[in-house]
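Asker:
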Amino acid sequence: MHAPPTDALDLDVDSFATPLQQRRFAAAMQRLADSRTPGTPVRVYVSAAPRTMNNPKWDSWLAQITQELPDGAEVLHYRSVFTEDRPYDWDTFAEEIDGLVVVGKQKRAGSRVYRFGPVARLELRSLIARKPVLLYAHSQGIIPVIDCKSQILTPERTPRLKLIAPKRWNRDSATLQAALKALSPASAEAERRIETPNHFAHPFAAPPR
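The opening residue of the sequence shown carries number 6 in the working numbering; numbering runs sequentially from there.
#1: So the candidates are Trp66, Arg29, Thr88; which of them puts its Cα closest to the Cα of glutamine 145?
#2: Rounded to whole angstroms, what is the Cα-Cα separation between methionine 58 and serine 52?
#3: Phenylalanine 98: which of Gly44, Leu132, Gln27, Phe121 sits nearest, CA to CA?
#4: Span of the alpha helix (DSSP H) holding glutamine 27?
#5: Taking DSSP's pairing of strands, which residues face serine 144 in a bridge?
#6: Any idea which residues DSSP pairs proline 149 with across the strands?
#7: Considering Cα atoms alone, identify which of Gln26, Arg126, Phe30 is closest to threonine 163.
#8: Provide the residue span of the beta strand (DSSP E) that contains valine 51, from first to last.
#9: Starting from lysine 167, trace the beta strand (DSSP E) in both directions and tell me its first and last residue.
#10: Give me the DSSP bridge partner(s) of isoleucine 157.
#11: For valine 18, does the three-state DSSP call read helix, strand or coil?
#12: At what residues does the beta strand (DSSP E) containing arginine 120 begin and finish?
#13: Is it true that the CB of valine 49 sits closer than 8 Å to the CB of leucine 74?
#14: Along the chain, where does the beta strand (DSSP E) containing leucine 105 start, and where does it finish?
#15: By alpha-carbon positions, which one of Lys136, Arg173, Ile169 ends up nearest to alanine 183?
#16: With distances taken between CB atoms, is the gap from proline 149 to leucine 139 smaller than 8 Å?
#17: How would you write the range of the alpha helix (DSSP H) that glutamate 73 sits in, first residue to last?
#18: If you run the structure through DSSP and keep just helix, strand and coil, what is glutamate 101?
So this is what it looks like as structure tokens:
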């Protein structure tokens, strides 16, 4: 079955996620925030294709992403992490970061549609159910991917991804606030921590009956 054309989708929403999905996401993010140990660094990786990093606006995009993330979060990207001494090994690196921001190719200026290649798609898929994953939308800022409409594109052998940002996105949304809380360094003055597992294989699964 082919996905409906973008123009046929109702973009005039504040989120493509259902209220139940949003509540489950917020609860999962709260568990991550509660499990963070005071004094440990928070590392967020910005995933962008080479053509994106070569764009003259790359530095300003990176600065905006950094500004919108919690104070104290360390922002990383391909050129700051992977070198001749450390070749690209996503599976290993993914365990070292606390969140992901994906920067895609905008369909056109002002569009809410963003396209991603196979590498970004795999990076996103590896973390979407375990850690905060956000889309950087040029005119809207960072948006939790759970609030976006996702479509798999298969014009070639390797599947690609398209994310559509909701038209009426609100930065005060509970999902964004929950994701930002999960990416906030824990206070050194915190007196009590709730013991929770560090690995959430299925944070959005329905609770047991």
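Quick reminder that beta carbons are idealized off the backbone N, C-alpha and C, glycines included.
Answerer: Quick look at the numbers:
#1: Trp66
#2: 10 Å
#3: Leu132
#4: 24-40
#5: Paired residue(s): none; serine 144 is not in a bridge.
#6: Leu139
#7: Arg126
#8: 48-53
#9: First-last of the beta strand (DSSP E) with lysine 167: 165-169.
#10: Leu166
#11: coil
#12: 118-121
#13: yes
#14: 104-108
#15: Lys136
#16: yes
#17: 63-73
#18: coil
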